[in-house]
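Colleague:
In my numbering, the protein residues as written are 1360 to 1605.
#1: Is it buried or exposed, residue 1420, if we count other Cβ atoms within 10 angstroms and call 16 or more buried?
#2: Between the Cα of residue 1601 and those of 1383, 1404, 1563, 1575, spot the shortest distance and give me the residue it belongs to.
#3: Go ahead and label residue 1446 buried or exposed: buried means 16 or more other beta carbons lie within 10 angstroms of its beta carbon, across all protein chains shown.
#4: Under 8 Å between the Cβ atoms of residue 1544 and residue 1442?
#5: Which residues in the same chain as residue 1382 place their Cβ atom closer than 6 Å to its Cβ, once the five residues preceding and following it in sequence are excluded?
#6: Give the DSSP-derived three-state secondary structure of residue 1557 in the structure shown.
#7: What's the gap between the Cα of residue 1562 and the Cα of residue 1453?
#8: Buried or exposed for residue 1603, please, with buried defined as at least 16 other CB atoms from any protein chain shown within 10 angstroms of its CB.
#9: For residue 1492 and residue 1538, what's the separation of their Cα atoms in angstroms?
#10: Over the uninterrupted beta strand (DSSP E) stretch that includes residue 1405, give me the two end residues.
#11: Suppose the cutoff is 8 Å on Cβ atoms and the five residues either side in sequence are ignored; what does the same chain contact list for residue 1471 look like?
#12: With respect to the alpha helix (DSSP H) encompassing residue 1426, which residues constitute its N-terminal and C-terminal limits?
#13: For the candidate residues 1411, 1424, 1484, whose alpha-carbon lies nearest to that of residue 1507?
#14: What residues match up with residue 1441 in a beta bridge as DSSP calls it?
#15: Tell me the DSSP secondary structure of residue 1466 in three-state form.
#16: Got a sec? Which residues, its chain only, sit under 6 Å from residue 1410 by beta carbon, not counting five neighbours each side?
#17: Residue ranges of each beta strand (DSSP E) run of no fewer than 3 residues wholly in the segment 1498-1570, ordered along the chain?
#18: From which residue to which residue does the beta strand (DSSP E) around residue 1578 run?
#19: Going by DSSP, what residue range makes up the alpha helix (DSSP H) through residue 1588?
#20: Using 10 angstroms around the beta-carbon of residue 1476, count the other beta-carbons present and answer buried if the total reaches 16, otherwise exposed.
#21: Just verifying my parser: in three-state terms, what is the DSSP assignment at residue 1602?
#22: Thinking C-alpha only, which one of 1469, 1565, 1488, 1430 is nearest residue 1587?
#23: Run through DSSP, which three-state label would residue 1362 get?
#24: Is it true that the CB of residue 1560 sits closer than 8 Å to the CB of residue 1528?
#25: Use the C-beta contact count for residue 1501: other C-beta atoms within 10 angstroms, 16 or more gives buried, fewer gives exposed.
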């Protein structure tokens, strides 16, 4: 499948699956204006992602990968087009509504772990739950369960400085899943790790997808990491392609 020409809507790229659609992106354009310069970052993107898929998004730097991820997270809005997650058109929500929606439905995993150094692993994982109505005892149970899933139950009271890079990323993943989000958005989650630690993180993401049913969208430059996904798509010059650019 080839990309459409600039300004036209692309053919929708969707998997052959019977699962219900979780994410639907329709004719999305994103334009940035820098003085007199117009930058068309996304050009008529169409994409459907079924519930339970592990999708890898690849492409060269500046192709629009992070912009698309931000739109899926409700951190930015499209210039034109719509983004729906779970049947809800998030591109039409207010900032306050988006903040509440993200807290319920989205978990973030980044290349940098973004752990607070003055907090233990369990306290870092608990942070998203402080915005909920859960009691302290309920939060403690959720945190313990999340740390067990990532294999760090015995490191709950360790500080980030006492953990390896791979363990820090596991804590970050536990923080992302502690609220049981619908969608996990990963931006280069293995980019700061050695190969062994990266493989362990990819094993964990696959387990979250296959055993816990998490829908995962992972931006990566690494073909080795992308190969772990159930589907790979490519962004090039703001358009989606089913094959990498030549």
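By construction, the Cβ of each residue, glycine as well, lies at the ideal position given by its N, Cα and C atoms. Keep in mind that this is a model prediction, so the values were computed, not measured.
Modeller: Quick answer:
#1: Here residue 1420 is exposed. Its C-beta has fewer than 16 other C-beta atoms within 10 Å.
#2: Checked all of 1383, 1404, 1563, 1575; the closest Cα to residue 1601 is 1404.
#3: exposed
#4: no
#5: 1408, 1444
#6: helix
#7: 37 Å
#8: exposed
#9: 12 Å
#10: 1396-1409
#11: 1551
#12: 1424-1431
#13: 1484
#14: Its beta-bridge partners are 1385.
#15: Per DSSP, reduced to three states, the secondary structure at residue 1466 is strand.
#16: Contacts found: 1378, 1379, 1381, 1574.
#17: 1542-1546
#18: 1574-1578
#19: Element bounds for residue 1588: n/a, residue is neither H nor E.
#20: Residue 1476 is classed as exposed because its beta carbon has fewer than 16 other beta carbons within 10 Å across all chains shown.
#21: In this structure, residue 1602 counts as coil in the three-state DSSP scheme.
#22: 1565
#23: For residue 1362, the pLDDT reaches just 34, beneath the cut-off of 50, and the residue's location in the model is therefore unreliable, leaving the point undetermined.
#24: Going by C-beta atoms, residue 1528 is nearer than 8 Å to residue 1560.
#25: buried
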